[in-house]
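Engineer: Residue numbers (the numbering used here): 12 to 444.
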Ligand code: G6P
């Protein structure tokens, strides 16, 4: 049998796949892949065939000895895999549209991963991921599962707590911040050190060291920020930011500037439809491009998506795990004793030394007091949601919905839960059996 790694990408029909294929091609020297399996479900077959054909053209153009397989049989892909990566959207963008639309109808933030929308995505996704984990435990127990599927932090916590699979959660925000800092300060990313405190999509960057100098105060003072393509750009209050103690994740705008962000969402809803509908148009355009038999590389348009560069994070992680590189990466891992006010088995987003035996979370220098309350409140919501996803218990689901800081009252929580569970009936067997 020829040497080399077997990698399975679950959700391989995603419009993001050309990114990760590009990453595998560019880093073949440090990550010698023999087999790349792209896996999807019947409903995504047409996407898998289109993006899979592009993946094959990209690999053929590279001349590398990587075999690309397309399959609807995930067990075949998982069997003997060294790495399994997940990037799926249960219910596709149609489900996301309602995750974003229904809360807006109740005067609440409607968003892919944050608030009631993120809760529904978690309820749909966690059972599916745990089912995949059963296959991994049976067919590739030593594989690393790199989870990109959102809400990445919550989903990774569910996997770490309810399966034996070695799983690490990833997001593209940390690498996006490094790219932004690298450009702004004209400094290579390996001369930049940032310290993340908090959860996925709910972090404060409490140290930003460029060539040995901490630039945090300067960045806070100028209200400069790195923002994902998918979040409106509402301005931070200068005094608030200066005293916040860390550069906030752009998702924190939903919590600190809720009314302004809701206003922007409602305006955008009227003009363009939900973000899901905007993204659907981008995705349709991408798939038209992908169909072109002459296209043999990742099209620039992919960088319009909020998840841009996620593949660089994924490939970086695989390279470090495979080569025991011991570099520092910001990942979603088990808390342990890092944040002493959270449960040890909570997932947090934190800097880790990546060794061949897995990531080792690094202690954080300081946790701004003003961040602790929100971190704890959202983690409580997350853990209630995980429990609801697994049990299908409507009482626990109501407690989760009501405990999210963006849900204003029990009355709204009940109405939202009722309507959103009904809308997601097809994907929530635990709630409707
Ligand atoms: C952000 C997040 C990703 C999320 C993406 C959504 O960058 O880090 O986790 O999936 O935006 O982007 P989209 O283009 O789908 O709205």
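Ideal Cβ placement from N, Cα and C applies to all residues, glycine included.
All values reported here derive from a predicted model rather than from experimental measurement.
1. Determine the direct distance from the alpha carbon of residue 164 to that of residue 363, and round the result to whole angstroms.
2. Whole angstroms is fine: what's the gap from residue 442's alpha carbon to residue 132's?
3. In whole angstroms, what is the alpha-carbon distance linking residue 334 and residue 126?
4. Give me the DSSP bridge partner(s) of residue 340.
5. Kindly list the residues whose CB is nearer than 7 Å to the CB of residue 61, restricted to its own chain and excluding five residues on each side of it in sequence; keep chain order.
6. What is the rounded straight-line gap between the Cα of residue 342 and the Cα of residue 56?
7. What does residue 194 pair with, by DSSP beta-bridge criteria?
8. Could you give the first and the last residue of the continuous alpha helix (DSSP H) run that contains residue 127?
9. Residues in the same chain with beta-carbon distance under 7 Å from residue 371, minus the five sequence neighbours each way, listed in chain order, please.
10. Quick check: the Cα distance between residue 305 and residue 34, rounded to an integer number of angstroms?
11. Where does residue 172 fall in DSSP's three states?
12. Cα separation between residue 263 and residue 74?
13. Does DSSP put residue 285 in a helix, a strand or coil?
14. Does the pairing of the stretch 405–418 with the stretch 110–126 give three or more beta-carbon distances under 8 Å?
15. Which term fits residue 352, buried or exposed, when burial requires 16 or more other beta carbons within 10 angstroms of its beta carbon?
16. Starting from the N-terminal side, write out each stretch of the beta strand (DSSP E) that is 3 residues or longer and does not extend beyond the stretch 213–292.
17. Could you give the C-beta distance for residue 172 and residue 338, rounded to a whole number, given that I count them as a contact under 8 Å?
18. Using DSSP with H/G/I as helix, E/B as strand and the rest coil, what is residue 209?
19. Apply the 10 Å Cβ neighbour rule to residue 195 and answer buried if 16 or more other Cβ atoms are within range, or exposed otherwise.
20. Pick helix, strand or coil for residue 16, following the three-state DSSP scheme.
21. If you drop the 5 nearest sequence neighbours on each side, which residues of the same chain put their C-beta closer than 8 Å to that of residue 423?
22. Between residue 182 and the ligand G6P, is there a pair consisting of the residue's CB and a ligand heavy atom that are separated by less than 8 Å?
23. Across which residues does DSSP place residue 185 in a beta bridge pair?
24. Nearest by alpha-carbon distance to residue 204: which of 224, 66, 212 is it?
25. Are the beta-carbon atoms of residue 186 and residue 327 separated by less than 9 Å?
26. Beta-carbon separation of residue 230 and residue 258 under 9 Å?
27. Using a 10 Å radius around the Cβ and a threshold of 16 neighbouring Cβ atoms, would you call residue 402 buried or exposed?
28. For residue 24, verify whether its CB is less than 8 Å away from any heavy atom of the ligand G6P.
29. Evaluate the contact criterion for the stretch 376–391 versus the stretch 210–229: three or more CB pairs, one atom per stretch, below 8 Å.
30. From residue 221 to residue 97, what does the alpha carbon distance come to, in whole angstroms?
31. Please classify residue 295: is it buried, with 16 or more other beta-carbons within 10 angstroms of its beta-carbon, or exposed?
32. Please find out if some non-hydrogen atom of the ligand G6P comes closer than 8 Å to the beta-carbon of residue 244.
33. So, are the CB atoms of residue 183 and residue 324 less than 9 Å apart?
34. From 430, 166, 20, pick the residue whose C-alpha is nearest to that of residue 52; which is it?
35. Between which two residues does the beta strand (DSSP E) harbouring residue 28 extend?
Structural biologist: On the basis of the supplied data:
1. Here the question's residue 363 lines up with position 352 in the chain shown. Here the question's residue 164 lines up with position 153 in the chain shown. The straight-line gap from Cα to Cα measures roughly 15 Å.
2. As a working mapping, residue 442 is identified with position 431 in the chain shown. As a working mapping, residue 132 is identified with position 121 in the chain shown. Taking the straight line from one Cα to the other gives about 14 Å.
3. Along the chain shown, read from residue 1 onward, the residue named residue 334 stands at position 323. Along the chain shown, read from residue 1 onward, the residue named residue 126 stands at position 115. Looking at the two C-alpha atoms, the distance is approximately 38 Å.
4. Taking the first residue of the chain shown as 1, we reach residue 340 at position 329. DSSP lists 363 as partners of residue 340.
5. The residue you call residue 61 lines up with position 50 of the chain shown. Excluding positions up to five away in sequence, the list reads 298, 301, 302.
6. Numbered from its first residue, the chain shown carries residue 342 at position 331. Numbered from its first residue, the chain shown carries residue 56 at position 45. Each residue's Cα considered, the two are about 31 Å apart.
7. Residue mapping note: residue 194 aligns to position 183 of the chain shown, counting from 1. Looking at the DSSP assignment, residue 194 forms no beta bridge with any residue, so it has no partner.
8. For the purposes of this step, residue 127 is taken as the residue at position 116 of the chain shown. Unbroken alpha helix (DSSP H) run through residue 127: 126–150.
9. Along the chain shown, one-based indexing puts residue 371 at 360. These residues qualify, in order along the chain: 363, 364.
10. Working through the chain shown from its first residue, we reach residue 305 at position 294. Working through the chain shown from its first residue, we reach residue 34 at position 23. Approximately 20 Å, taken between the alpha carbons.
11. Residue numbering aside, residue 172 sits at position 161 when the chain shown is read from its first letter. Per DSSP, reduced to three states, the secondary structure at residue 172 is helical.
12. Within the chain shown, the letter at position 252 stands for residue 263. Within the chain shown, the letter at position 63 stands for residue 74. One C-alpha to the other measures close to 44 Å.
13. Reading the chain shown from its first residue, position 274 is the one you call residue 285. Correct three-state label for residue 285: coil.
14. yes
15. Sequence index remark: in the chain shown, residue 352 carries index 341 (1-based). Residue 352 is exposed by the Cβ-count criterion.
16. 213–221
17. Position 161 of the chain shown, counting from 1, holds the residue named residue 172. Position 327 of the chain shown, counting from 1, holds the residue named residue 338. That belief does not hold up - the Cβ atoms of residue 172 and residue 338 are roughly 27 Å apart, past 8 Å.
18. To locate residue 209, count along the chain shown from 1; it is residue 198. Here residue 209 sits in strand by DSSP.
19. The residue you call residue 195 lines up with position 184 of the chain shown. With fewer than 16 Cβ atoms within 10 Å of its Cβ, residue 195 is classed as exposed.
20. Position 5 of the chain shown, counting from 1, holds the residue named residue 16. Strand, per DSSP.
21. Taking the first residue of the chain shown as 1, we reach residue 423 at position 412. Closer than 8 Å at the Cβ level, and outside the excluded window around residue 423, lie 117, 118, 119.
22. As a position in the chain shown, residue 182 is number 171, starting the count at 1. Result yes, Cβ under 8 Å from the ligand G6P.
23. Here the question's residue 185 lines up with position 174 in the chain shown. DSSP lists no partner for residue 185.
24. Along the chain shown, one-based indexing puts residue 204 at 193. Here the closest residue by C-alpha is 224.
25. The residue given as residue 186 occupies position 175 in the chain shown. The residue given as residue 327 occupies position 316 in the chain shown. Contact flag set, yes.
26. Here residue 230 refers to the residue found at position 219 of the chain shown. Here residue 258 refers to the residue found at position 247 of the chain shown. Going by C-beta atoms, residue 230 is nearer than 9 Å to residue 258.
27. For the purposes of this step, residue 402 is identified with residue 391 of the chain shown, where counting begins at 1. Its Cβ having fewer than 16 others within 10 Å, residue 402 is exposed.
28. As a position in the chain shown, residue 24 is number 13, starting the count at 1. No, Cβ of residue 24 sits at least 8 Å from all heavy atoms of the ligand G6P.
29. yes
30. By 1-based counting over the chain shown, the position of residue 221 is 210. By 1-based counting over the chain shown, the position of residue 97 is 86. Near 33 Å, if we compare the C-alpha coordinates of residue 97 and residue 221.
31. In the chain shown, counting from the first residue as 1, residue 295 sits at position 284. Residue 295 should be labelled exposed.
32. In the chain shown, the residue the question calls residue 244 occupies position 233. False, no ligand heavy atom lies under 8 Å from that Cβ.
33. One-based indexing of the chain shown puts residue 183 at position 172. One-based indexing of the chain shown puts residue 324 at position 313. Yes.
34. Along the chain shown, read from residue 1 onward, the residue named residue 52 stands at position 41. Of 430, 166, 20, the residue nearest in Cα terms is 20.
35. The sequence position of residue 28 within the chain shown is 17, counting from 1. From DSSP, residue 28 is part of no beta strand (DSSP E) but of the alpha helix (DSSP H) over 28–37.
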